[in-house]
Amino acid sequence: MIPQLFLLSVLVFLLAKAMPGDALTGQLVQNPQMDAQTLNELRQKLGLTDPLYVQYASWIQRLLHGDLGLSYVHQQPVNDLLAGRMGNTIVLSACILVLTYLIAVPLGIASGRWTDSGADKLIVGYSYVSLATPLFIFAIVMLFVFGFALGWFPTGGSVDIQVEQGTFAYYIDKINHLVLPSLSGALISTAGLILYLRNEIIETKIKDFVKTARAKGVPESRIYSRHIVRNSFLPIAAFLGYEITGLIGGSIFLESIFSYPGMGQLFLQSITQRDYSVVTALVMISGLATLMGTLLSDIILSAVDPRIRME
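Throughout the sequence shown, residue numbering follows mature numbering (1 follows the signal peptide of the UniProt record, and there is no 0), covering -23 to -1, 1 to 288 in sequence.
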């Protein structure tokens, strides 16, 4: 992971430098009265005119000490800026992850157990439609139908500003704001998990140890609960880490469409405002989360499958 993080940091730094303008360009847009001389003096003071290797060494040194830099658009440290948004993104991602498994696991088991039945065809059809539907299109439809047309849920934000923080009504309102983006992300994310679990169960049903259990007269319900489903869950458990990495990219669309104040929305805003210190920090955090998700998948798989530990 360390070499991968180092390579990612080099790529992120070089791409940020290759983009038009620099860290002060966004500030110039906010303050057009700033003259060129003052702007050049600020660039020299901040080290933006130094050679690239000097700028990279200074940036990576601050990064290793937990200093993500200063947001020139918001005029505050990036650490403080992310502190108020990271919690929202983590809560949204956790809700999507929980809903994804709550929906996908029962549907995948039912589809795999009763193969070619009416329920199986309905579940597989839903999965194919879900795979073919882009997340941002589905989220817009959900927002229009349940937010604007029916008015069942809020159309933006994470909580009503009029609700007093810390009260019971405050937490109910936050849950109400989470329903639409969470369901939108979960209903699209379930497709791959359903089909994978279905195929695992179908393949496990014809294995020798299952045939042996049936020959011994073991009840069918016990065969599924003790043998088929348990063994089919081994690769599904490893999917948990990869699902976390997929949520990182999906949160950008969901937070933008639902105006949810998280890191994904901040990422897009920072690109348009050329707030490069925020952009580089968010890409590095996303890269670290992706690597941690992959590591988590390996750990889970080795924990549930003793054969991997022995190898």
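Even glycine gets a Cβ: it sits at the ideal position worked out from N, Cα and C.
Next on the checklist: Just to confirm, is the Cβ distance from L(-16) to G264 under 8 Å?
Outcome noted: The answer is yes: Cβ separation under 8 Å.
Checklist entry - Measuring CA to CA, which of L278, L(-13), Y237, R251 is closest to R62? => result The closest CA to that of R62, considering only L278, L(-13), Y237, R251, is found on Y237.
Item to check | Of the listed residues L155, F125, D137, Q139, nearest to C72 (C-alpha basis) | outcome: Closest by alpha carbon: L155.
Checklist entry - Residue ranges of each alpha helix (DSSP H) run of no fewer than 4 residues wholly in the region 161 to 204, ordered along the chain? => result 185 to 192, 197 to 200, all fully within the region 161 to 204.
Checklist entry - Given 8 Å as the limit, is there contact between the region 233 to 252 and the region 27 to 46, that is, 3 or more CB pairs closer than that? => result No: fewer than three Cβ pairs fall under 8 Å.
Item to check | One or two residues paired with P54 in a DSSP bridge | outcome: Answer by DSSP bridge pairing, in chain order: L47.
Item to check | Cα-Cα separation, Q38 to K151 | outcome: Rounded to the nearest angstrom, the gap between the Cα atoms of Q38 and K151 is 38 Å.
Next on the checklist: For D93, tell me which candidate among L59, L58, F186, I179 has the shortest Cα-Cα distance.
Outcome noted: Measuring from the Cα of D93, the nearest candidate turns out to be I179.
Item to check | Cβ-based burial, L29 [other Cβ within 10 Å; buried from 16] | outcome: A residue is called buried once 16 or more other Cβ atoms fall within 10 Å of its Cβ, and L29, having fewer, is exposed.
Checklist entry - Under the rule that 16 or more other beta-carbon atoms within 10 Å means buried, what is R207, buried or exposed? => result Looking at its Cβ environment, which holds fewer than 16 other Cβ atoms inside 10 Å, R207 is exposed.
Item to check | Limits of the alpha helix (DSSP H) - the one that F123 falls within | outcome: DSSP places F123 in no alpha helix (DSSP H); its state is neither H nor E.
Item to check | P(-21) - containing alpha helix (DSSP H), residue span | outcome: -22 to -6 is the extent of the alpha helix (DSSP H) around P(-21).
Checklist entry - Can you tell which of A168, M(-23), I229, I183 has its C-alpha closest to the C-alpha of T110? => result Of A168, M(-23), I229, I183, the smallest CA-CA separation from T110 is found for A168.
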